[in-house]
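Below is one structure, written out as structure tokens, with a few remarks after it.
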Amino acid sequence: MKSSFSDAPRIGIVTWDFDPPRGGLGRALQEMVHALRERHVHVDVYTVIQTSFFSRLLFSISLLWKLSRWVNRHRIDLLLLPTGPGGLFLMRRLKNCRCIVLSYHTYLQQARYVPGEWWKAIFVPFERHTFNLADSVFCYCEDTQNILRKEYGVRDIRLLPQILEVEPWMSKGVSEQCRCDGSMVRQCSPQAPLIMTHRHYQKHLCLFIGRPDRRKGIHVLWRAWKGVSECLPDAKLRIIQHGDLPQAELIALVQSADLVICPSYLEGFGLVAVEAMAAGTPVIACDSDGIRSLIRHAETGWLVPRGDAIALAQGITRLLMDESLRKRLAVAAQKDVRLRFERQKSVSALLQTVLEIRDSSPD
């Protein structure tokens with residue numbers, strides 16, 4: 073195998089979610105591209121602005137005649153394509169180009185675990201076809217790896233560490249400045265009222281970060297919060313969607329919070345949870361695919377049964393009332409994130425793997 077990074081492949085990435093990122097997938101791909109280009113790897117990104125599911129499906133269909141031309145024009149020898157919910161489908165095998173499919177989570181998982189989304193199982197055959205056309209499949213949590221092996225019959229699966237930039241989340245400079253000078257950050261949207269980040273004004277502050285939809289468990293959180301409010305009337309919940317705050321303000325807000333809540337039924341990779349753990353803020357989450365591989369219950373965070381609003385309310389209340397427990401979880405979680413997601417090691421692992429795939433003999 074050729075190991076010199078000077079002989080790195082010309083990589084192409086096809087995605088609808090990239091710049092600006094609309095969710096965790098776009099943020100993860102942006103970080104991947106940035107990290108590879110830092111290593112002087114040539115990366116081209118083929119993307120279009122698509123917001124609805126059906127427009128993304130049409131984008132997948134258009135790749136039948138557009139993708140080969142794009143690959144040839146940019147002399148791509150290794151293509152990365154995310155599939156599954158939020159991703160795309162590959163309709164036919166590419167010539168003169170190895171293909172790696174990225175799988176954060178699958179339609180089968182979504183149909184099984186998210187209430188009301190059973191109908192998404194109709195996309196499993198298209199997803200399985202995409203996996204069959206790939207030279208290799210990358211995933212980022214053991215739960216998805218097991219599903220790919222047992223339910224989809226994928227043979228070449230590579231479990232890789234997610235490339236993350238966690239250092240800004242570990243720096244206390246921004247949040248300490250906010251606490252000292254009474255700086256403010258916006259809540260939920262640029263037009264929303266301003267809130268103070270000083271702990272005196274934000275006692276028992278809890279955050280939910282992400283899309284307020286069913287997969288993210290927002291309805292479970294609403295039910296749970298009624299119980300929390302009865303026990304702790306001064307508890308505060310802030311709902312923040314991706315892109316509502318500049319990154320520095322978001323980091324400051326997370327660092328000043330007492331708790332980050334991740335009630336998702338399913339995650340491909342719990343990016344919000346990892347960033348909160350890096351920030352030194354304890355996380356309570358549902359014991360779901362994509363989360364349980366990140367958090368060890370009562371050691372680096374707090375897990376409750378998926379969809380259980382009563383258990384979630386009890387867990388939130390217990391953590392808010394026990395500062396020493398929150399501190400213990402936060403310290404252990406931050407240490408764990410620092411060890412597991414060392415950025416340069418993650419980038420090196422990705423580069424080594426793509427070189428192996430590029431230089432291996434086709435089946």
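In my numbering, the protein residues as written are 73 to 435. For glycine and all other residues, C-beta sits at the position ideal for the given N, C-alpha and C.
Asked: Is it buried or exposed for Leu422, if we count other Cβ within 10 angstroms and need 16 for buried?; Found: buried
Asked: Trp190 lies in the beta strand (DSSP E); which residues open and close that run?; Found: Counting along the chain, Trp190 falls outside any beta strand (DSSP E), and DSSP gives it neither H nor E.
Asked: For His146, which of helix, strand or coil comes out of DSSP?; Found: coil
Asked: Consult DSSP for Leu309 and reduce its assignment to one of helix, strand or coil.; Found: strand
Asked: Pull up the distance between the alpha-carbon of Asp89 and that of Leu343, whole angstroms please.; Found: 16 Å
Asked: Could you spell out the range, first to last residue, of the beta strand (DSSP E) harbouring Ser175?; Found: Arg170 to Ser175
Asked: Can you name the residues that DSSP bridges to Ala357?; Found: Cys334 and Leu375
Asked: Answer with buried or exposed for Trp297, where buried requires no fewer than 16 other C-beta atoms within 10 angstroms of its C-beta.; Found: buried
Asked: Could you check if Asp91 is buried or exposed, using at least 16 other CB atoms within 10 Å of its CB as the buried criterion?; Found: exposed
Asked: For Ala307, I'd like the list of residues in its chain whose CB is within less than 7 Å of its CB, leaving aside the five on either flank, ordered along the chain.; Found: His276, Cys278, Val300, Ser301 and Leu392
Asked: How is Gln259 classed by DSSP in three states: helix, strand or coil?; Found: Here the model assigns Gln259 a pLDDT of 41, short of 50, so the residue's position is not dependable, and the following value carries that caveat. Coil at Gln259, not helix or strand.
Asked: Mapping DSSP to helix, strand and coil, what is Ile235?; Found: coil
Asked: Mind checking which residues open and close the alpha helix (DSSP H) that includes Phe198?; Found: Val196 to Leu205
Asked: Helix, strand or coil, according to DSSP, for Thr87 in the structure here?; Found: coil
Asked: Comparing C-alpha positions only, which one of Val86, Pro233, Leu136 and Ser360 sits nearest to Leu152?; Found: Val86
Asked: Identify, in the order they occur along the chain, each residue of the same chain with its Cβ nearer than 6 Å to the Cβ of Ala381, setting aside the five sequence neighbours on each side.; Found: Val292, Arg295 and Ala296
Asked: Tell me whether Tyr179 sits in a helix, a strand or coil according to DSSP, three-state version.; Found: helix
Asked: If you reduce the DSSP assignment to three classes, tell me which class Leu277 lands in.; Found: strand
Asked: If we call anything under 8 Å between Cβ atoms a contact, is Leu325 one with Leu317?; Found: yes
Asked: So, for His369: in the same chain, excluding its five sequence neighbours on each side, which residues have a beta-carbon less than 7 Å away from its beta-carbon?; Found: Leu375
Asked: Can you find a CB in chain B that lies within less than 8 Å of the CB of Val403?; Found: This model lacks chain B altogether, as it is built from one protein chain only.
Asked: Are at least three pairs of beta-carbons, each pair with one atom in the region 180-199 and one in the region 231-247, less than 8 Å apart?; Found: no
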